[in-house]
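Student: In the working numbering, the protein residues as written are 866 to 983. For reference, the structure I am asking about is given below.
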């Protein structure tokens with residue numbers, strides 16, 4: 866273990882929509898808030914909870930590294946389909962898409978490198 870770092874434990878993550886105020890949400894993109902678990906806006910790996918308000922959109926972007934999205938509440942969609950709560954999306958490096966959430970959602974996002982907006 867890296868000195869000074871402690872394990873991150875999120876209890877009852879599947880029930881996050883019932884008490885989203887348990888987390889410190891910060892503005893991220895228009896209509897989307899973030900609660901960072903580790904990493905930042907730099908070039909390295911990171912993980913965060915993202916809360917999409919109804920109608921929020923992420924413009925087309927290119928994945929520069931692996932990205933994993935676990936939809937915890939609500940649903941989101943891209944050009945390939947609609948992903949309700951419980952869906953796991955894995956985007957490989959070099960893939961691209963845009964994301965929308967008509968009803969709003971909360972997701973766990975884990976990425977190797979930040980995306981590049983097209």
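From the three backbone atoms N, C-alpha and C, an ideal C-beta is built for every residue, glycine too.
Which word fits residue 960, buried or exposed, when buried means at least 16 other C-beta atoms lie within 10 angstroms of its C-beta?
Tutor: Residue 960 should be labelled exposed.
Student: In angstroms, rounded to a whole number, what distance separates the CA positions of residue 893 and residue 982?
Tutor: Their backbone Cα atoms lie some 14 Å apart in a straight line.
Student: Can you list the beta strand (DSSP E) stretches of 3 or more residues lying completely in the segment 908 to 961, in chain order?
Tutor: Fully enclosed beta strand (DSSP E) runs of 3 or longer: 911 to 917, 921 to 927, 932 to 943, 946 to 949 and 953 to 956.
Student: Can you name the residues that DSSP bridges to residue 898?
Tutor: Paired residues: 892 and 916.
Student: Could you check whether residue 980 and residue 915 sit closer than 9 Å to each other, using their CB atoms as the reference points?
Tutor: Going by C-beta atoms, residue 915 is not nearer than 9 Å to residue 980.
Student: Which class does residue 906 belong to by DSSP, given the choice of helix, strand or coil?
Tutor: DSSP places residue 906 in coil when its eight states are reduced to three.
Student: Do the CB positions of residue 937 and residue 870 come within less than 9 Å of each other?
Tutor: No, these two residues do not count as a Cβ contact at 9 Å.
Student: Below 8 Å on the Cβ atoms is my guess for residue 881 versus residue 890; work out the distance and round it to an integer in Å.
Tutor: Rounded, the Cβ-Cβ distance is 11 Å, inconsistent with contact.
Student: If I'm right that residue 924 touches residue 966 with Cβ under 8 Å, what's the distance once you round it to whole angstroms?
Tutor: Actually they are not in contact, since the Cβ atoms of residue 924 and residue 966 sit about 13 Å apart, beyond 8 Å.
Student: Give the single residue among 888, 926 and 978 whose Cα lies nearest to the Cα of residue 943.
Tutor: The shortest Cα separation from residue 943 among 888, 926 and 978 belongs to 926.
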